[in-house]
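The next block holds one structure in the form of structure tokens; read it before the comments.
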Ligand SMILES: NC(=O)c1ccc[n+]([C@@H]2O[C@H](COP(=O)([O-])OP(=O)(O)OC[C@H]3O[C@@H](n4cnc5c(N)ncnc54)[C@H](O)[C@@H]3O)[C@@H](O)[C@H]2O)c1
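Numbering (the working numbering), first residue to last: -3 to 423.
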């Protein structure tokens, strides 16, 4: 770490707090905070610094290791039931919620209620009712409420969206996406919180967002099947793999269907490690994306594929020796968090107090990460979870209709004439 220069020590500071300090903290938040403590420059705000003020976690163990390793003297390590509340009173400007997905809502609500800007890891929350509450509360408190979908910043996905937005690729008809995580994720990394969870909520959500954000349209229906027996019992609530199908309708009245397959029981020595593949078929073209065909394949005796990855994604959060011999960690996984910090800075440091409401409205209108623009993605997640819960309870093959004959989200089971309403309002 190089010491702060006297000029950067004088910069305005934004203090951030973490909820959860697990794998995603190590991969993206840590490198972001470690770079931003020396200053971020934005043309709209001038330079500012970001400090990691503390963390709220279940046990405090990993936070303590991190605090010691980095020699942080002003870092608050908050653990246990009141951890988020005590992190909030310690004085922070924004809260990053990176705890397990079924814990996002409670922490985010606490943060927003306390008047702090909040960013939540994907999936933002697990129901539209929770989303409605957070969006309304953020409006009332005058803060940003955002969600991280870093795949939208992947250069390949930016190119896809550019070709769609520019009309080079016209009308998507259908497509598939698959994201396969290794067994180590379900077996050890997430063992503490995996019961009752499924890989669809964890990773299909990346593609739900990509499809929703890139192609727009109106979500019409959701179906999902899945398999059990490896992570948990074959008739239990914990899923090894899921196959999700969404149908969208576009302004033209034409439809598209997307299949998203996910798993977290792929063998650990599979060369893809996290294997990602998409194909979208348009009226006039086909987009094929494959993580293992993006370019690099690395073999190091005794080290790949476990300690070092065989097919490394150098665009997400790579560690580099720069040509000018500085060490760096960069990539779209880190950039997406820095973007949020710039948005907070724009609101708080971007001009006179009298203009704050207009600046807040401008940042809230960014639909790539604003919670208010996450409706169809949260609806799909909620529908998928409800369908899987029905299947685990012995009632498989449900379909959820979105804004259809019964309005809102209606779950239909085979053989039943009346649906079960998952959400009454318009999605
Ligand atoms: N964007 C991505 O690609 C990506 C990748 C991995 C994880 N994630 C998301 O990040 C979140 C965390 O995942 P992870 O991989 O870091 O998980 P993890 O299991 O490695 O870490 C979870 C952390 O949350 C803490 N925690 C658990 N319960 C808590 C509670 N009640 N209050 C506060 N902290 C609590 C744990 O102490 C731990 O520090 C999830 O929402 C996940 O979907 C996103």
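Idealized CB from N, CA, C, for every residue including glycine.
From a predicted model like this one, the values you see are computed outputs, not experimental measurements.
Once DSSP output is grouped into helix, strand and coil, what is the label at residue i?
i           : result
residue -2  : Only weak support exists for where residue -2 lies, its pLDDT of 46 falling under 50; the value from the coordinates is given anyway. Here residue -2 sits in coil by DSSP.
residue 189 : helix
residue 195 : helix
residue 289 : helix
residue 422 : coil
residue 13  : strand
residue 362 : coil
residue 85  : helix
residue 121 : coil
residue 109 : helix
residue 403 : coil
residue 4   : helix
residue 142 : strand
residue 74  : strand
residue 152 : helix
residue 381 : helix
residue 24  : helix
residue 236 : coil
residue 306 : coil
residue 183 : helix
residue 135 : helix
residue 62  : helix
residue 247 : coil
residue 30  : helix
residue 391 : coil
residue 159 : helix
residue 98  : helix
residue 230 : coil
residue 165 : coil
residue 412 : coil
residue 69  : coil
Give the DSSP bridge partners of residue i, in chain order.
i           : result
residue 283 : 276
residue 426 : Lying outside -3 to 423, the shown extent of the chain, residue 426 is not represented and no answer is given.
residue 147 : Answer by DSSP bridge pairing: none, since residue 147 is not bridged.
residue 255 : 172 and 241
residue 45  : 9
residue 398 : 405
residue 373 : For residue 373, which the question treats as bridged, DSSP gives no partner whatsoever.
residue 90  : 12 and 113
residue 178 : 262
residue 53  : 75
residue 37  : 43
residue 417 : 406
residue 271 : 176
Just tell me which of the options has its CA closest to the CA of residue i.
i           : options               : result
residue 181 : 214, 62 and 193       : 193
residue 153 : 197, 139 and 276      : 276
residue 85  : 112, 92 and 65        : 112
residue 272 : 236, 341 and 285      : 285
residue 330 : 32, 126, 16 and 14    : 32
residue 267 : 299, 314, 235 and 305 : 305
residue 400 : 420, 163, 166 and 164 : 420
residue 358 : 344, 60 and 59        : 344
residue 397 : 411, 423 and 386      : 423
residue 104 : 52, 187 and 299       : 52
residue 313 : 388, 61 and 149       : 149
residue 20  : 287, 323 and 198      : 198
Open item on the list: Runs of 4 residues minimum, wholly inside the stretch 308 to 351: which ones carry the alpha helix (DSSP H) assignment?
Closed with: 328 to 345
Task: 4 or more residues per run - each alpha helix (DSSP H) lying fully within the stretch 197 to 225 - done: 201 to 211
Open item on the list: With a threshold of 8 Å, are at least 3 pairs of Cβ atoms found where one atom belongs to the stretch 46 to 53 and the other to the stretch 5 to 19?
Closed with: yes
Task: Sufficient close CB pairs (3 or more, under 8 Å) joining the stretch 226 to 234 to the stretch 243 to 258 - done: no
Open item on the list: Contact between the stretch 343 to 350 and the stretch 158 to 177 is defined here as three or more beta-carbon pairs at a separation below 8 Å; is this criterion met?
Closed with: no
- [ ] Would you check if there are 3 or more beta carbon pairs closer than 8 Å linking the stretch 122 to 139 to the stretch 107 to 114?
- [x] yes
Open item on the list: Pairs of beta-carbons, one from the stretch 141 to 154 and one from the stretch 356 to 367, closer than 8 Å: are there three or more?
Closed with: yes
Open item on the list: Would the stretch 282 to 292 count as touching the stretch 205 to 215 if we require 3 or more Cβ pairs under 8 Å?
Closed with: no
Open item on the list: I want to know whether the stretch 15 to 34 touches the stretch 89 to 106 - three or more CB-CB distances under 8 Å.
Closed with: yes
TODO: For the stretch 324 to 335 and the stretch 176 to 190, state whether three or more C-beta atom pairs, one from each stretch, are separated by less than 8 Å.
DONE: no
Open item on the list: For the pair the stretch 214 to 221 and the stretch 233 to 246, tell me if three or more CB-CB distances fall below 8 Å.
Closed with: yes
Open item on the list: For the structure I just gave you, are there three or more beta carbon pairs, one from the stretch 405 to 418 and one from the stretch 375 to 382, closer than 8 Å?
Closed with: yes
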